[in-house]
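For the sequence shown, this note's numbering begins at 5 and goes up steadily by one.
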Amino acid sequence: MSSNQRIITDNNKSPLIQVLSLMFLVIAILSCFVRTGAKLYMIKALRVDDILIIVATVLAACQTVIVFNACEHGLGQHFEVLSSSDQETFFKSQYATNTMLIASLLCCKLSGTMSLRIMAQKGQKWIIIICEAVVSAWGITALIANFFQCQPPTPWLYGDNDKCINLKAFWTYYSTANIITDIIIVIIMAENVVKIQTSWSKKILVMSVFGSRIFVTPAIVAQIHYSNKAFDSADHSFSIWPASITIQLVQCLTILTVCLPNFKPFLDSLESGQIRVDDLRRQGKTIQEWAEQQISSSRSCIENTAQ
Numbered sequence: 005m006s007s008n009q010r011i012i013t014d015n016n017k018s019p020l021i022q023v024l025s026l027m028f029l030v031i032a033i034l035s036c037f038v039r040t041g042a043k044l045y046m047i048k049a050l051r052v053d054d055i056l057i058i059v060a061t062v063l064a065a066c067q068t069v070i071v072f073n074a075c076e077h078g079l080g081q082h083f084e085v086l087s088s089s090d091q092e093t094f095f096k097s098q099y100a101t102n103t104m105l106i107a108s109l110l111c112c113k114l115s116g117t118m119s120l121r122i123m124a125q126k127g128q129k130w131i132i133i134i135c136e137a138v139v140s141a142w143g144i145t146a147l148i149a150n151f152f153q154c155q156p157p158t159p160w161l162y163g164d165n166d167k168c169i170n171l172k173a174f175w176t177y178y179s180t181a182n183i184i185t186d187i188i189i190v191i192i193m194a195e196n197v198v199k200i201q202t203s204w205s206k207k208i209l210v211m212s213v214f215g216s217r218i219f220v221t222p223a224i225v226a227q228i229h230y231s232n233k234a235f236d237s238a239d240h241s242f243s244i245w246p247a248s249i250t251i252q253l254v255q256c257l258t259i260l261t262v263c264l265p266n267f268k269p270f271l272d273s274l275e276s277g278q279i280r281v282d283d284l285r286r287q288g289k290t291i292q293e294w295a296e297q298q299i300s301s302s303r304s305c306i307e308n309t310a311q
């Protein structure tokens with residue numbers, strides 16, 4: 005079987021899934037590495053949001069390893085040609101893959117909401133807390149539903165619809181909620197950036213970087229489409245190959261967009277030289293704390309002007 009998997013054919017998409025999954029994983033790992041390296045270089049410390057994105061990347065790596073194993077046991081090939089052992093392994097791999105995916109996306113989104121706290125006005129802190137609670141409920145309930153998607157002792161065996169929840173409805177809900185929470189996070193971020201006292205060019209730049217997570221939406225829509233088609237098919241292992249690729253893409257883009265604002269953290273502040281970075285280190289301030297101070301100062305200026 006392994007020799008056949010080296011060639012992409014109309015009846016074998018396993019190599020395609022493996023190649024794209026590896027490419028997406030490399031992008032995710034590099035994104036996390038750059039973010040973590042930038043934080044350690046600038047402030048020599050990691051915050052909770054940084055730890056969460058590292059955990060999300062580790063989970064994504066584990067998920068990709070499971071996908072590779074699934075490809076070795078029939079993912080991307082027609083279900084009818086698989087041995088009973090490979091069919092069993094395929095279902096178990098899908099079960100584990102979905103668990104890792106949900107956990108990874110949950111960590112990513114919580115990391116994003118925690119980073120958003122530095123930009124929120126005092127009156128909006130409760131909105132961020134509610135948003136974090138909703139995100140946590142979204143992720144935890146999804147994990148529970150995934151764990152018990154089918155009747156024990158084989159909850160991974162989703163081939164029998166009479167013994168399983170409506171997976172089509174579940175994943176549509178899960179992915180739609182993913183889109184909605186992303187949009188809410190972007191709206192809160194944009195509202196706060198607009199109120200910062202700086203040039204519109206800088207406002208647009210900041211909103212573009214922090215709002216890049218909205219570009220995950222098309223990939224999620226594609227995931228919903230292909231997943232629903234796969235659930236309607238009896239050819240479980242083959243019909244799901246487009247959904248598998250879009251899932252890997254969603255995971256990659258989610259990690260990338262959360263890390264993106266830290267690729268070149270506050271690079272504009274370095275235009276005056278290395279002094280500002282040295283000052284930050286001597287003062288023991290993180291880049292995020294410095295940003296919060298700048299935003300707070302801008303708001304104070306606006307309030308004083310209004311008075």
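Glycine included, every Cβ here is placed at the ideal spot set by N, Cα and C. Remember, it's a predicted structure, so these values are computed and weren't measured experimentally.
Close-in-space but distant-in-sequence residues of the same chain around residue i (CB under 7 angstroms, 5 per side omitted)
| i | result |
| --- | --- |
| residue 172 | 232, 235 |
| residue 224 | 179, 182, 183, 254 |
| residue 221 | 183, 186 |
| residue 271 | Residue confidence is low: residue 271 scores 46 on pLDDT, short of 50, so the model does not pin down where it sits. Its coordinate-derived value is still stated next. Counting only Cβ-Cβ distances below 7 angstroms, and skipping sequence neighbours, we find nothing. |
Of the residues the options, the one placed nearest residue i, counting alpha carbons only
| i | options | result |
| --- | --- | --- |
| residue 82 | 189, 170, 14 | 14 |
| residue 168 | 242, 150, 177 | 150 |
| residue 53 | 136, 86, 127, 45 | 136 |
| residue 213 | 163, 266, 228 | 266 |
| residue 163 | 240, 74, 18 | 240 |
| residue 152 | 91, 102, 194, 243 | 102 |
| residue 90 | 202, 247, 242 | 242 |
| residue 226 | 202, 251, 77 | 251 |
C-alpha gap between residue i and residue j, whole angstroms
| i | j | result |
| --- | --- | --- |
| residue 66 | residue 205 | 40 angstroms |
| residue 38 | residue 238 | 43 angstroms |
| residue 281 | residue 113 | Because the pLDDT of residue 281 is 43, which lies under 50, any placement of that residue in the model is unreliable, and the question is left without a value. |
| residue 260 | residue 130 | 27 angstroms |
| residue 40 | residue 100 | 27 angstroms |
| residue 120 | residue 133 | 11 angstroms |
| residue 127 | residue 207 | 21 angstroms |
| residue 44 | residue 142 | 31 angstroms |
| residue 262 | residue 32 | 10 angstroms |
| residue 199 | residue 192 | 11 angstroms |
| residue 166 | residue 154 | 9 angstroms |
| residue 49 | residue 55 | 10 angstroms |
| residue 34 | residue 264 | 11 angstroms |
| residue 47 | residue 84 | 56 angstroms |
| residue 73 | residue 88 | 16 angstroms |
Own chain, CB closer than 6 angstroms to residue i, minus 5 neighbours either side, in chain order
| i | result |
| --- | --- |
| residue 24 | 249 |
| residue 147 | 106 |
| residue 1 | What is shown of the chain runs 5 to 311, which leaves residue 1 out entirely. |
| residue 175 | 231 |
| residue 190 | 215, 218 |
| residue 285 | Confidence at residue 285 is low in this model, with a pLDDT of 47, below 50, so its placement is unreliable and no value can be given for it. |
| residue 194 | 211 |
Nonlocal neighbours in the same chain, by C-beta distance under 8 angstroms from residue i, ignoring five residues either side
| i | result |
| --- | --- |
| residue 20 | 12, 80, 245, 249 |
| residue 139 | 110, 113, 114, 117, 185 |
| residue 75 | 9, 18, 19, 21, 22 |
| residue 144 | 110 |
Any non-hydrogen atom of the ligand SAH within 7 angstroms of residue i CB
| i | result |
| --- | --- |
| residue 244 | Among the ligands in the structure shown, none appear at all, so the ligand SAH cannot be discussed. |
TODO: Examine the Cβ distances between the stretch 101–117 and the stretch 50–65 and report whether three or more of them are shorter than 8 angstroms.
DONE: Yes, the stretch 101–117 touches the stretch 50–65.
TODO: Indicate whether the contact test is met: 3 or more Cβ pairs, each with one atom in the stretch 21–41 and one in the stretch 249–264, closer than 8 angstroms.
DONE: yes
- [ ] Examine the Cβ distances between the stretch 93–100 and the stretch 146–165 and report whether three or more of them are shorter than 8 angstroms.
- [x] yes
- [ ] Jot down the residue ranges of each uninterrupted alpha helix (DSSP H) in the stretch 182–254, minimum 4 residues, whole runs only, in chain order.
- [x] 204–214, 221–235, 240–243
- [ ] Within the stretch 10–71, note down every full alpha helix (DSSP H) run reaching 4 residues or more, in order along the chain.
- [x] 18–47
Task: Contiguous alpha helix (DSSP H) assignments of at least 4 residues, all confined to the stretch 106–151 - done: 129–151
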